[in-house]
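The listed protein sequences correspond, in order, to chains A and B.
Per my numbering, the first sequence starts with residue 9, numbered consecutively.
Per my numbering, the second sequence starts with residue 2, numbered consecutively.
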Amino acid sequence: MVKIIKIKDLGKDFILKLPTDVPEFRVELGVGAVVTILGVKSGQKVDCVLEERAKLTFLQCYFGEDFEGDVSIKLKGRESVVFSKIIFLGKDINYQSIKFKHQHFGVETKSKLVIRGVLLDKAQGFINGTIRMEPKCLGADGRLEEKILLLSPTARIEAEPNLEIRCHEVMASHAASVERIDEEKLFYLASRGIAGEVAIPLIVEGFLGEALGDLVDQSLKKRMNEIVFKGGVVN
Amino acid sequence: MGALDYIKNLDRTVFDSHNDYGYIAKAEKGLSKSLVRRISKEKKEPIWMLEHRLKALGIFYQKELPTWGVDLGGINFEEIIYYVSPKGMKGYATKWEEVPKEIKQTFERLGIPEAERKFLAGTGAQYDSLNAYHKLKEQWEGKGVIFEDMDMALKKYPELVKKYFMKCVPSSDHKFAALHGAVWSGGTFLYIPKGVNVTQPLQAYFRMNAKSMGQFEHTLIIVEEGAKGHYIEGCSAPKYGSTSLHAGCVEIFVGSNAHFRYSSVENWSQDTYNLNTKRAIVDTLATMEWVGGNLGSGHTMLYPCSILKGRGARADHLGVAFANRGQIQDTGAKVIHVAPDTSSTVLAKGISKGGGVSVYRGLLQINKGAVRAKANIRCDALILDQESRNDTFPKMKIYESDVAIAHEARVGKISEEQLFYLRSRGLSENEALGMIVNGFIEPIVKALPLEYAVEMNRLIEMEMEGVIG
């Protein structure tokens, strides 16, 4: 039984906290609705459908915990827009896997998916991010940006940034990078008196925090800081 | 007649028309142990090769078709002819005059003999299951270079072949590698000794002629320490309306400090299932370059693979795939970084038109221990009209942290502005489109020798015909 949540245009940004007791649900954004969703819980599956000119901001974070999620966002109505962010940190023996899809049906729809993650210790990350354009979504624009920092020799990442394009009058692109912390950055901070053990958490906080941006709900930022600074990011 | 004149006369009929193939009237269709034994017996192979073939056949029967990629349900294994020797051919000729007339004419239309005279160090020309012609210029023979038809190489250099044969792509790899292991015939053996730099390219051309044919040529290339070479393969087949199957195999061993480039232009007919397997193992500080053009075939699954086994090894993949009406080009690149300080680049361009489907399917894998690995992947696709499609599935499996990986992909149509500009300069819409598409694929075509670059451009032009209206 799939739970359905319907939201209509309320004249302002509506922040939706998803129910935590339901494994699978559907969120329907009516014409012109503006909604922010603060992510699914591990094990949940959500399908969002946007009507004409609806706007969705989807923020999915998981820090220092095992995670499994499946999110699908359908831009059904013309000019609907979605901006999704997946921000994560894996440590110890975390196993974190996410399947995320932006699917364009309507004309002039826009999507952006930003993924920022840090993996430490023996954490394993699996990210499947898909932009799909259906045959009639003329003028659609879909982008995916993925940046991963691997901070330990035993961390692992498997990334699949996919594009499935069935319409030619569109713009679709993706960019992904996997790196370790730049030696020069560390050297610069060390030369300013900030040693490695202090510098690395700062860099990680900047890396993830930049993607988080300004949030009304500070609890996410607090949770991230807890893991980064007190959880022992340096090994 | 100028060497490049044949290109002006290139049109689809050159590729699509076939010669009479009466010689297959009694050819056996379908696969069986007895067919495999017959192939080995006719070629007078050593026992170990017969055993290898039979073992591969067993693996073929056991393995399933892949559950991903192109739908291979249309292959009727019972209707394919796996081996046939064209009439009048018993072993290959070393002079074009000695090649049977019809076969020679086919290759002349494709520009092979002319190219050999002018640009190449050596040439091989395979027709259905056997080599019709094979020649290496004397100066290279003198330096110890071996460029032989694969069947002949097995006879002349059995120990060398045994050491390397199907060690890079084993029969157990997948169903079509197993099929290949059982019924392979013909192909090229290239051996470049230590320190030898073969300055002119070597070429082989594979032509399927008979209907419902299967082509299973094996190319085995061994480049010893510090050696250098460039090998080009071209292939085509006529159009019949019944399926043909290409499950060839290319294995390349690049020794330490060596440099090798493998270029290929595969232009099969729409009836063909092109399921080739190409792989290179690259040793310490060696460089492997793949340059490929895929057009024509109805169904293609082709993913050249580089295994960076030695420290400091490097691989560059350049590829173009053009999917026209009724075609699925599912191609890409696989790079596996095993040793430290390895680097790789992939540049893949896909074009789809008239309902064609182009797919980039790639794998970048960085194994534990492949520290300081650097990889850069760029796959772009042009979708020329409303009916066509592109998919991009680049998988990245990173098991090492001290790495720098970047990947980028862009999909879109031809920019209206670019078209308008060219038309305002007096070009017709077709000409403008052709020019833009050629510009799109220029980084790959640039890596081909001039004559092939010109031919590649002409082939693309042919594919673009009829794109308006």
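C-beta: ideal position from N, C-alpha, C; glycine also.
Query	Result
contact_flag[the segment 164-177 of chain B, the segment 233-242 of chain B] where n(CB pairs < 8 Å) is 3 or more	no
Burial state of Pro-27/A (16 or more Cβ within 10 Å)	exposed
Minimum C-alpha distance to Glu-59/A - residue among Leu-24/A, Lys-49/A, Gly-114/A, Phe-22/A	Gly-114/A
Spatial distance of Thr-44/A from Lys-229/A (CA atoms)	16 Å
Within chain B, the residues that Arg-174/A reaches when beta carbons sit closer than 7 Å	Arg-390
Local Cβ density within 10 Å of Lys-350/B, reported as buried at 16 or more and exposed below that	buried
Beta bridge counterpart(s) of Gln-104/A as assigned by DSSP	Phe-75/A, Gly-133/A
Minimum Cβ-Cβ distance from Ala-167/A to chain B less than 8 Å	yes
Helix, strand or coil at Ser-264/B according to DSSP, with G and I counted as helix	strand
Whole-angstrom distance between Gly-294/B and Leu-460/B, CA atom to CA atom	10 Å
Beta-carbon proximity of Val-255/B to Val-292/B, cut-off 8 Å	no
Proximity below 8 Å, CB of Val-339/B to CB of Val-186/A	no
Burial state of Leu-451/B (16 or more Cβ within 10 Å)	exposed
C-alpha distance - Ala-316/B paired with Leu-203/B, whole-angstrom precision	20 Å
As assigned by DSSP and simplified to three states, the class of Ala-62/A	coil
Unbroken beta strand (DSSP E) run spanning Gly-294/B, endpoints	288-296
Residue-level contact to chain A via CB, His-408/B, 8 Å cutoff	yes
Where Ser-35/B falls, given that 16 or more other Cβ within 10 Å makes a residue buried	exposed
Alpha carbon of Ser-416/B to alpha carbon of Val-372/B, nearest angstrom	41 Å
Glu-401/B in three-state terms, based on DSSP	coil
Alpha helix (DSSP H) segment containing Val-446/B, residue limits	430-446
Chain A contact residues for Ser-402/B, given Cβ-Cβ distances below 7 Å	Leu-158, Leu-159, Ser-160, Pro-161, Ala-163, Arg-188
Under 8 Å by beta carbon: chain B residues contacting Val-126/A	Those do not exist, as Val-126/A stays about 11 Å from chain B at its closest Cβ, beyond 8 Å.
Residue-chain proximity (Asn-243/A, chain B), Cβ-Cβ < 8 Å	Unreliable positioning characterises Asn-243/A in this predicted model, as indicated by a pLDDT of 43, which lies under 50. The coordinate reading is nonetheless provided below. False, the Cβ-Cβ gap to chain B never drops below 8 Å.
Neighbour flag for Ile-399/B against chain A, beta carbons, 8 Å	yes
Backbone CA spacing between Lys-16/A and Gly-85/A [nearest angstrom]	14 Å
Closer than 8 Å to chain B by CB, Leu-194/A	no
Sheet register partners of Val-54/A (DSSP bridge)	Phe-33/A, Val-79/A
Residues of its chain near Leu-479/B, where Cβ-Cβ distance is below 7 Å and the 5 sequence neighbours each way are ignored	This structure cannot speak to residue 479/B, because chain B is shown only from 2 to 470.
Beta carbon of Glu-79/B nearer than 8 Å to that of Gly-31/B	yes
CB contact below 8 Å: Leu-171/A versus chain B	yes
Beta-carbon proximity check, Asn-258/B vs Glu-290/B, cutoff 8 Å	no
Contact set between the segment 300-334 of chain B and chain A, restricted to residues whose Cβ is under 9 Å from the partner	none
His-176/A: first and last residue of the uninterrupted beta strand (DSSP E) it sits in	From DSSP, His-176/A is part of no beta strand (DSSP E); its letter is neither H nor E.
Pro-143/A, buried or exposed, once every other Cβ within 10 Å from all chains shown has been counted against 16	exposed
Contact with chain A by Leu-423/B, beta-carbon distance below 8 Å	no
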